[in-house]
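Chemist: What follows is a structure written as structure tokens; I'll ask about it next.
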């Protein structure tokens, strides 16, 4: 997994991280506002008639080409036999997290399947298909619900996790060990209102390169009472055989 990391970054300084709508648009070349036998948009043409075309970016000589976006909005395509993903943690207790895989939104506020705590999506590591996605309240919920969800994972199952509001109050030692076994190096330090995004796998031998963690600290928090949102994207190699 660690050879395939494309790029990961924290939330932008201008506001909480947002996931742009995935698009497959190609470069759009600027079109000149002038062409043979025509006048600028809105001006008279050679016949004396007024050209009512709008002088928009498509007709401007200064229009910039649009950068192409790939699956889940990645700036570069993933190699063959890799899964493209992009995920964003929740921002404070206001904006919910998002998890996108192969241009499919697995979890988001729009899908109405995210909530306070840990938002977890299980994915088949061979096919890339979603197995199940659930939100677990780590402030007032029952941690046993989370344990029952991740204990019986099959070898090679991919686990996507995005925090929202409070990811850790109900977390116990068994929960931390299970996530550590999935490849997390930061779960042992996860605390109240920290921001955390993580991708791990059942049976992984080393720590996952796909993890971001920022502590809740009144000295560094971006929002009042919460740290910045985290954003992470990259390419995960598919498993070649099912276990």
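Numbering (the UniProt record's numbering), first residue to last: 1 to 243.
Note that the Cβ used here is the ideal one computed from N, Cα and C, for glycine as well.
In angstroms with no decimal places, state the Cα-to-Cα distance between residue 184 and residue 232.
Modeler: C-alpha separation (whole angstroms): 15 Å.
Chemist: Of all the options 199, 187, 117, 214, which has the alpha carbon lying nearest to the alpha carbon of residue 235?
Modeler: Comparing Cα positions, the closest option is 199.
Chemist: According to DSSP, is residue 221 part of a helix, a strand, or is it coil?
Modeler: It is coil, neither helix nor strand.
Chemist: Please determine if the region 121-138 and the region 103-113 are in contact, where contact requires at least 3 C-beta pairs separated by less than 8 Å.
Modeler: Taking 8 Å as the limit for Cβ pairs, the verdict is that the region 103-113 does touch the region 121-138.
Chemist: What separation, rounded to the nearest whole angstrom, lies between the Cα atoms of residue 72 and residue 217?
Modeler: Spanning the two alpha carbons is a distance of roughly 31 Å.
Chemist: Below 8 Å CB to CB, which residues in the same chain sit around residue 104 once its five sequence neighbours on both sides are set aside?
Modeler: The answer, listed in chain order, is 130.
Chemist: In chain order, which continuous runs of the beta strand (DSSP E) of length 3 or greater are located wholly inside the region 108-180?
Modeler: Counting only runs of 3 or more, we get 117-123, 130-136, 158-164.
Chemist: Who are the near neighbours of residue 227 in its chain, counting only those whose CB is closer than 8 Å to its CB and skipping five residues on each side?
Modeler: These residues qualify, in order along the chain: 193, 194, 195, 214, 215, 216, 217, 220, 221.
Chemist: Closest to residue 229 by CA distance: which of 142, 78, 87, 80 is it?
Modeler: Selected option, being the one with the closest Cα: 87.
Chemist: Beta-carbon separation of residue 147 and residue 174 under 8 Å?
Modeler: Yes.
Chemist: Candidates 161, 156, 118: which alpha carbon is nearest residue 142's?
Modeler: If we check each option's Cα against that of residue 142, 118 comes out closest.
Chemist: Which residue marks the beginning of the beta strand (DSSP E) containing residue 86, and which one marks its end?
Modeler: Where residue 86 is concerned, the enclosing beta strand (DSSP E) stretches over 82-88.
Chemist: Are there 16 or more other CB atoms within 10 angstroms of the CB of residue 35, so buried, or fewer, so exposed?
Modeler: Bear in mind that the predicted position of residue 35 carries a pLDDT of just 27, short of 50, making it unreliable; the figure below should be weighed with that in mind. So residue 35 counts as exposed.
Chemist: Between 74, 168, 85, 96, which has its C-alpha nearest residue 238's C-alpha?
Modeler: Of the listed residues, the one whose Cα sits closest to residue 238 is 85.
Chemist: Can you give the Cα-Cα distance for residue 83 and residue 139, rounded to whole angstroms?
Modeler: Straight-line Cα distance between these residues: approximately 32 Å.
Chemist: Considering only the alpha carbon of each residue, which of 99, 182, 224, 123 lies closest to residue 207?
Modeler: Ranking 99, 182, 224, 123 by Cα distance to residue 207 puts 182 first.
Chemist: Leaving aside the five residues before and after residue 70 along the sequence, list all residues of the same chain whose C-beta is less than 7 Å from its C-beta, in chain order.
Modeler: Closer than 7 Å at the Cβ level, and outside the excluded window around residue 70, lie 76, 77, 84.
Chemist: Using only the alpha-carbon positions, how far apart do residue 40 and residue 116 sit?
Modeler: Any reading at residue 40 is ruled out, since the residue's pLDDT is 37, under 50, leaving its predicted position unreliable.
Chemist: Quick one: what does DSSP say residue 199 is sitting in, helix, strand or coil?
Modeler: Residue state, collapsed to three classes: strand.
Chemist: Which stretch, first to last residue, makes up the beta strand (DSSP E) that contains residue 237?
Modeler: Run containing residue 237: 230-237, per the beta strand (DSSP E) assignment.
Chemist: Can you tell me the Cβ-Cβ gap for residue 128 and residue 102, rounded? I've got them flagged as a contact below 8 Å.
Modeler: Correct: roughly 5 Å between the Cβ atoms.
Chemist: Do you know how far the Cα of residue 189 is from the Cα of residue 74?
Modeler: The alpha-carbon atoms of residue 74 and residue 189 are separated by roughly 30 Å.
Chemist: Tell me whether the beta-carbon of residue 123 lies closer than 8 Å to the beta-carbon of residue 178.
Modeler: Taking 8 Å as the Cβ cut-off, residue 123 and residue 178 do not qualify as a contacting pair.
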